[in-house]
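Please read the structure below before turning to the comments.
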Amino acid sequence: MIRINCPVCGLRNETEFTYGADANVQRPEMGEEDTQPWVDYVFNRENPRGWHREYWHHAQGCRQWLVLERNTLTHEIGSCQLARGVEA
Amino acid sequence: MTKYSALSVFRHALNGNKNWARAWRDPEPKTEYDVVIVGGGGHGLATAYYLAKEHGITNVAVVEKGWLGGGNTGRNTTIVRSNYMMPGNTMFYERSMKLWENLSQDLNYNVMISQRGQYNLCHSPGQMDAARRRGNIMRANGIDAELFDRAEVRRRLPYLDYSEKARFPIHGAIFQSRAGTARHDAVAWGFARGADSHGVDILQQREVTGYLWDRGRITGVQTNRGDIRAKKVALCVAGHSGHLAKMAGLRLPIETHSLQAFVTEPYKPLVDTVISFGAAHFYISQSDKGGLVLGGDLDMYNSYAQRGGLPIVEHTLASAKALMPSVSRLKLLRHWAGVMDMSMDGSPFITKTPVEGLYLNGGWCYGGFKATPASGWCFAHTIVKDEPHEDNAEFRLDRFNRGYQIDEKGMGPQPNAH
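Sequence order for the protein chains is F and A. Residue numbers for the first sequence follow my numbering, so the first one is 37 and each next one is one higher. Residue numbers for the second sequence follow my numbering, so the first one is 2 and each next one is one higher.
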């Protein structure tokens, strides 16, 4: 069981949360006309073996979106912040 | 290679089974090969086999970081089927089904294919409509499919929950009678023995750590036990495709997720077919040893850990209980996880890559095992001809740039939703 340290609610079980997505992808500027940056944004991923920044939703808690650092090899948990406070 | 036969089994039994020759060699690598295949699972070994058998290319090595079939080949739930309806998928999986039907004879190795049939249950009128559409597409392509109503499903599968209390009432099912199961380890071993007999070198305990380059072209692999030069390098490392592609400077439309499977204690014959629940991601069959084999949903977050979390254990067993209440007293014997290449549209890649000399076979999501023979067959064709066969023509990386995703489930670019 992964346990996530929600900045609002404290340490809670993973079952309260919903995994969102990779938090590293950045949307291109809306005026971007080249298609490749959009393809990269929508489809292509770093998919690292190791530390990964990702969005989680505390769906059955404070309902805030969080940015969590988690190791994809060991499931070790790093820092957890409110997504609205994190530079995209 | 000595041919296996009933007579050889009998003769060796008389000698106490002491004189069986080993099924494949353990050679020292040559300095250069025509093709180096990275990954000694079913797909890599099948690719080597068909390179040799169909194209006469025998100067081939399969490089494996662990042991043969120790990754997803040995971790799946052994189901084979060809009930796909999207153009690009349908005929590819049907090629696989046809190769499965004759695979034991072709390899002279018993892969224990058992065409016991597979039911996809429907739990609403809408699901029945979708199943009817899928079945019609399959039949239009010459693939067998039957649609059963509730009464017929109940007659055939009396042990499911048809009570008033059933959480998801069974409205019917779509059935493919040629689907079934195969013995997954035997598939890896059979292809390994077949490839080896054509002269392919199988190099185990050798991990690829990088590539050899010459003016922007890949000309071999670096391994933890020395470099091996190759005219072409072919990746069959699903689960780790992203990792090996990154070493070549590629970003893929793939995330790696872990998928769990379970087996119960052995039980008397009960489930003589394969049943997929339509209300949650769950399927069940029974192995020849008697254990019920259960498969469930992804853990939902990216993972290379090859072990699953407890919430999915609970979710899978709740699904099992909702579908088939009688399983509740069985104990689980084992559970394990494999790491899946979850692609952005749920469909795989068998293709050249933008890097000269590098070929990719990956993105198999949940469904790599059933694809094993056709995957090897089509990948061998792609490597030799430098262009895809008709059956894997759509499994290209640039389908996302062109807007030609093959999204069988219609989920959009969300890897854990496929």
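For glycine and all other residues, C-beta sits at the position ideal for the given N, C-alpha and C. Bear in mind that the values here come from a model prediction, so they are computed numbers and not experimental data.
Give a yes or no on whether the minimum CB-CB distance between residue i and chain F is below 8 Å.
{"i": "Asn417/A", "result": "yes"}
{"i": "His244/A", "result": "yes"}
{"i": "Met301/A", "result": "yes"}
{"i": "Glu395/A", "result": "no"}
{"i": "Thr51/A", "result": "The residue you asked about is not Thr; residue 51/A is Tyr in the sequence shown. So, not an interface residue."}
{"i": "Ile351/A", "result": "no"}
{"i": "Pro414/A", "result": "yes"}
{"i": "His60/A", "result": "The amino acid at residue 60/A is misidentified as His; the sequence shows Asn. Chain F, which has no Cβ nearer than 8 Å to the Cβ of Asn60/A, makes this no."}
{"i": "Met345/A", "result": "yes"}
{"i": "Asn225/A", "result": "no"}
{"i": "Ser420/A", "result": "The question about residue 420/A has no answer here: the residues shown for chain A are numbered 2 through 419."}
{"i": "Asn402/A", "result": "yes"}
CB residue i to CB residue j, shorter than 8 Å?
{"i": "Leu253/A", "j": "Asn80/F", "result": "yes"}
{"i": "Leu52/A", "j": "Leu69/A", "result": "no"}
{"i": "Trp365/A", "j": "Pro349/A", "result": "yes"}
{"i": "Arg85/F", "j": "His244/A", "result": "yes"}
{"i": "His44/A", "j": "Ser376/A", "result": "yes"}
{"i": "Ala187/A", "j": "Trp101/A", "result": "no"}
{"i": "Phe53/F", "j": "Trp101/F", "result": "no"}
{"i": "Asn83/F", "j": "Asn303/A", "result": "yes"}
{"i": "Val275/A", "j": "Leu293/A", "result": "no"}
{"i": "Val264/A", "j": "Leu318/A", "result": "no"}
{"i": "Gln117/F", "j": "Pro43/F", "result": "yes"}
{"i": "Ala231/A", "j": "Val222/A", "result": "yes"}
{"i": "Asn402/A", "j": "Cys379/A", "result": "no"}
{"i": "Gln116/A", "j": "Ala180/A", "result": "yes"}
{"i": "Arg194/A", "j": "Trp21/A", "result": "no"}
{"i": "Tyr77/F", "j": "Arg99/F", "result": "no"}
{"i": "Ala262/A", "j": "Thr78/A", "result": "yes"}
{"i": "Asp202/A", "j": "Pro28/A", "result": "yes"}
{"i": "Ala62/A", "j": "Val81/A", "result": "no"}
{"i": "Val154/A", "j": "Gly173/A", "result": "yes"}
{"i": "Tyr50/A", "j": "Phe192/A", "result": "yes"}
So is residue i in contact with chain A if we call contact Cβ pairs under 8 Å?
{"i": "Val61/F", "result": "no"}
{"i": "Ile113/F", "result": "no"}
{"i": "Asp47/F", "result": "Sequence check: residue 47/F is Leu here, not Asp. No, its Cβ sits nowhere closer than 8 Å to a Cβ of chain A."}
{"i": "His88/F", "result": "yes"}
{"i": "Arg85/F", "result": "yes"}
{"i": "Asn80/F", "result": "yes"}
{"i": "Ile38/F", "result": "yes"}
{"i": "Tyr91/F", "result": "no"}
{"i": "Val75/F", "result": "yes"}
Rounded to whole angstroms, how far is the Cβ of residue i from the Cβ of residue j, which I believe are closer than 8 Å?
{"i": "Phe278/A", "j": "Leu324/A", "result": "5 Å"}
{"i": "Asp346/A", "j": "Asp408/A", "result": "4 Å"}
{"i": "His111/F", "j": "Ala306/A", "result": "6 Å"}
{"i": "Glu95/A", "j": "Ser105/A", "result": "No, Glu95/A and Ser105/A are not in contact; Cβ-Cβ is about 19 Å, not under 8 Å."}
{"i": "Gly310/A", "j": "Gly240/A", "result": "Actually they are not in contact, since the Cβ atoms of Gly310/A and Gly240/A sit about 17 Å apart, beyond 8 Å."}
{"i": "Leu236/A", "j": "Gly71/A", "result": "With a Cβ gap of about 17 Å, Leu236/A and Gly71/A do not count as contacting."}
{"i": "Lys233/A", "j": "Tyr360/A", "result": "6 Å"}
{"i": "Ile229/A", "j": "Pro30/A", "result": "5 Å"}
Note down, in chain order, every chain B residue with its Cβ under 8 Å from the Cβ of residue i.
{"i": "Glu50/F", "result": "Chain labels in this structure do not include chain B; the protein chains are F and A."}
If you measure beta-carbon to beta-carbon, which residues of the segment 232 to 257 of chain A are closer than 8 Å to chain F? Listed in sequence order: His241, Gly243, His244, Lys247, Arg252, Leu253, Pro254, Ile255, Glu256 and Thr257.
The segment 78 to 104 of chain A: positions lying closer than 9 Å to chain F by Cβ: Of all residues in the segment 78 to 104 of chain A, none has a C-beta nearer than 9 Å to a C-beta of chain F.
What are the residues of the segment 97 to 109 of chain F that lie near chain A, defined by any Cβ-Cβ distance shorter than 8 Å? Arg106, Thr108 and Leu109
Which runs of the alpha helix (DSSP H), 4 residues or longer, sit entirely within the segment 171 to 215 of chain A? Counting only runs that start and end inside the segment 171 to 215 of chain A, the alpha helix (DSSP H) elements of at least 4 residues fall at 185 to 198.
Kindly provide the ranges of any beta strand (DSSP E) runs that are 3 or more residues long and lie completely inside the segment 69 to 100 of chain F, ordered along the chain. 87 to 93
Threshold first: 4 residues or longer. Then list the alpha helix (DSSP H) segments lying entirely within the segment 366 to 411 of chain A, N to C. 369 to 386 and 400 to 403
So within the segment 325 to 350 of chain A, which uninterrupted beta strand (DSSP E) runs reach at least 3 residues, ignoring any that extend past its ends? 333 to 344
Please give me, in chain order, every unbroken run of the beta strand (DSSP E) with length at least 3 that falls completely inside the segment 28 to 91 of chain A. DSSP runs (the beta strand (DSSP E)) wholly in the segment 28 to 91 of chain A: 33 to 39 and 61 to 64.
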